[in-house]
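Counted the way the numbering used here counts, the sequence shown spans residues 2 to 150.
Each residue gets a CB set at the ideal place from its N, CA and C atoms; glycine is no exception.
On a predicted model such as this, the values are computed, not experimentally measured, just so you know.
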Amino acid sequence: ELGKLLQLVLGCAISCEKKQEHIQRIMTLEESVQHVVMEAIQELMTKDTPGSLSPETYGNFDSQSRRYYFLSEEAEEGDELQQRCLDLERQLMLLSEEKQSLAQENAALRERVGRPEGEGTPGLTAKKLLLLQSQLEQLQEENFRLESG
2 ELGKLLQLVL GCAISCEKKQ EHIQRIMTLE ESVQHVVMEA IQELMTKDTP
52 GSLSPETYGN FDSQSRRYYF LSEEAEEGDE LQQRCLDLER QLMLLSEEKQ
102 SLAQENAALR ERVGRPEGEG TPGLTAKKLL LLQSQLEQLQ EENFRLESG
């Protein structure tokens, strides 16, 4: 009941002749209080029954009260966007570090591949050469068998 009374008072405050003053006072309250007031006004504006916002009950809501509601929503969206920007900046920093690390690893691998056989990994190139020679011999034998048969 207290909540309904508060809504009724808010409805009267933002639809009476001194609505500008009341809305200005609401806008000077703490952000958390403004949020609660905004929710109460929003609840008033979105009641289930169409007749619940009749002029006899709460008076007419004008554009100023709707403007207050949307300004409050925009402030929340601004906070969300600011948080999203911070998250994206952190992600960008992590990806930049990863890119730098991968570039260093790539440079090291390129350097290793470019070295002559005597440097770095001596047995690796010789092993590859022996393997390729063995495969070549097998293919030559198979080719000879196919030509003979």
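- With respect to the 8 Å criterion, Met28 and Gln21 are not classified as neighbours on the basis of their beta carbons.
- For Cys13, the enclosing alpha helix (DSSP H) begins and ends at Leu3 to Ala14.
- For Thr29, the enclosing alpha helix (DSSP H) covers residues Lys20 to Thr29.
- Contact check for Leu11 and Ala41: beta-carbon distance about 6 Å, within the 8 Å limit, so the pair qualifies.
- Under the three-state reduction of DSSP, Cys86 is assigned to helix.
- Rounded to the nearest whole angstrom, the C-alpha separation of Glu138 and Ala127 is 17 Å.
- Excluding five sequence positions before and after Glu2, none of the CB atoms of its chain fall closer than 6 Å to its own CB.
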